[in-house]
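So the structure is just underneath, and the comments pick up after that.
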Amino acid sequence: MFRPVNQRVSILITIALINLSLFFWVSSSRSPKYSLGYKQKIESAELFNESIDIIREYQILRENFVIDKEDDPFLSGLIGPSTTLITTSLANLRSKQTTINPNIAAMVVQLFYESKLKPGDTVAVGMTGSFPALNIAFLSACKVMNITPIVISSVGSSRWGATDPYFTWLDMETLLYNEGVINSKSIAASYGGVADRAKGLKSEGIDFLWEAIYRNKINFLESNKLSSAIEKRLAEYNKILSINKYNAYVNIGGAAASIGQSVNAKLIPNGVSSSNDIGDLIGNSVIKEFLINDVKIIHLYNTIELAMKYQLKVFPDKFYDLGNGPIYFEQRYNMLYTYIALLITLSILVGISVVTHKQIKVRMTSHESESLL
Numbered sequence: 006m007f008r009p010v011n012q013r014v015s016i017l018i019t020i021a022l023i024n025l026s027l028f029f030w031v032s033s034s035r036s037p038k039y040s041l042g043y044k045q046k047i048e049s050a051e052l053f054n055e056s057i058d059i060i061r062e063y064q065i066l067r068e069n070f071v072i073d074k075e076d077d078p079f080l081s082g083l084i085g086p087s088t089t090l091i092t093t094s095l096a097n098l099r100s101k102q103t104t105i106n107p108n109i110a111a112m113v114v115q116l117f118y119e120s121k122l123k124p125g126d127t128v129a130v131g132m133t134g135s136f137p138a139l140n141i142a143f144l145s146a147c148k149v150m151n152i153t154p155i156v157i158s159s160v161g162s163s164r165w166g167a168t169d170p171y172f173t174w175l176d177m178e179t180l181l182y183n184e185g186v187i188n189s190k191s192i193a194a195s196y197g198g199v200a201d202r203a204k205g206l207k208s209e210g211i212d213f214l215w216e217a218i219y220r221n222k223i224n225f226l227e228s229n230k231l232s233s234a235i236e237k238r239l240a241e242y243n244k245i246l247s248i249n250k251y252n253a254y255v256n257i258g259g260a261a262a263s264i265g266q267s268v269n270a271k272l273i274p275n276g277v278s279s280s281n282d283i284g285d286l287i288g289n290s291v292i293k294e295f296l297i298n299d300v301k302i303i304h305l306y307n308t309i310e311l312a313m314k315y316q317l318k319v320f321p322d323k324f325y326d327l328g329n330g331p332i333y334f335e336q337r338y339n340m341l342y343t344y345i346a347l348l349i350t351l352s353i354l355v356g357i358s359v360v361t362h363k364q365i366k367v368r369m370t371s372h373e374s375e376s377l378l
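No gaps in the numbering here: position 52 of the sequence shown is 57 in our numbering, and each next residue is one more.
Shown next, in the form of structure tokens:
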């Protein structure tokens with residue numbers, strides 16, 4: 006029985022084996038394509054881990070202090086009690102746990118590159134006690150990339166942040182600064198919370214906030230209303246540089262003076278944005294003033310959304326491996342191998358088609374000759 010070459014089982018098996026071999030050959034050619042700023046990302050993540058070690062050791066050595074393993078499974082010392090006298094608002098525990106990840110520092114480096122920041126640039130910063138790990142990730146990236154942060158902090162914290170009255174964000178910052186892990190600290194601080202004046206906290210809680218500012222020798226920005234808090238922050242930034250001379254404004258958390266009314270936090274895109282990306286914000290705020298002066302914004306507010314955007318684990322079940330993941334590199338196939346494999350496959354298909362066509366033509370010619378006879 007006549008069978009053209011493209012119908013022979015042995016030929017089909019041979020083609021399949023060749024293509025399978027080519028597939029494995031190309032697959033083995035994968036190599037990492039490192040992302041922009043790879044080296045700085047690694048260094049920032051390592052610096053973040055060093056900070057975690059220092060904070061953890063300090064917390065463990067404190068008398069009568071026990072890290073809550075359920076809330077802080079990584080034993081970072083950066084997840085505070087849910088409710089204390091300096092807790093200013095509600096929060097999502099998962100969003101706090103997600104920041105206990107060295108690769109968050111690499112994400113900040115990525116944001117710096119997206120903002121086109123370069124060594125020697127100066128950024129204005131508004132941070133709170135709500136996300137101490139995110140604050141540390143940011144300051145780690147600044148040190149590695151030689152970017153100068155002019156920081157104003159709010160001492161109060163939402164739930165599961167730096168809520169310990171005896172170890173606030175300012176205390177953490179001072180500890181890390183004295184250890185040489187970070188090279189900058191807040192130039193001023195406010196109470197934080199509602200209207201940036203801890204409205205609603207008990208007097209004992211307000212006393213704790215004031216004591217934290219005093220013992221860390223930080224300039225206290227006292228105000229009796231939000232508009233005054235905004236003006237005082239802008240005045241502090243202006244002492245260093247004119248508002249329009251800053252290379253970016255970075256907001257970490259949801260400080261009232263920084264973002265203004267709470268609804269504004271959701272109107273500003275997470276990550277990098279400019280005045281063209283943001284609609285009209287409600288009321289006055291520090292961010293609004295920087296936008297008016299056409300200064301780029303880096304908004305670090307919804308940590309879960311940011312982690313998902315940059316393909317970081319959301320509350321990883323183990324301490325995420327430093328240096329791994331798309332934030333650092335992508336696996337790319339060697340295109341030369343791919344083109345060679347494609348050329349071989351196409352050549353085989355074309356060759357089989359030509360031979361098959363000739364065989365069928367010869368067969369038909371022979372059949373016609375026999376019919377005539």
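Even glycine gets a Cβ: it sits at the ideal position worked out from N, Cα and C.
Being a predicted model, the structure only gives us computed values, none of them experimental.
Rounded to whole angstroms, the separation of the alpha carbons of S87 and D77 is 11 Å. Ranked by Cα distance from L305, the options D299, T127, A270 are led by A270. A direct Cα-to-Cα measurement between G259 and D299 gives close to 21 Å. Burial is judged here by how many other beta carbons sit within 10 angstroms of a residue's own beta carbon; A138 has at least 16 and is buried. Rounded to the nearest angstrom, the Cβ distance from Q115 to Y315 is 7 Å, consistent with a contact under 8 Å.
L305 is bridged by DSSP to I257. At the C-beta level, Y254 and A129 come within 8 Å of one another. Per DSSP, V14 lies in no beta strand (DSSP E) segment; the continuous alpha helix (DSSP H) that holds it begins and ends at 14-32.
Put simply, the backbone Cα of Q364 is about 36 Å away from that of M340. In this structure, the beta-carbon distance from T173 to I91 falls below 8 Å. For V130, the uninterrupted beta strand (DSSP E) run begins and ends at 127-133, by DSSP.
As summarised for the stretch 189-224, the continuous beta strand (DSSP E) elements at least 3 residues long and confined to that stretch are 193-195, given in chain order. Distances from the alpha-carbon of E48 to those of N252, E241, V113 put V113 closest. In this structure, the CA atom of L239 is about 13 Å from the CA atom of S195. In the three-state reduction of the DSSP assignment, E335 falls in the strand class, which pools E and B.
Remark: C-beta atoms of D212 and S159 do not approach each other more closely than 8 Å.
In its chain, beyond the 5 residues on either side, T153, I155, L246, Y251, N252 have a beta carbon closer than 7 Å to the beta carbon of T127.
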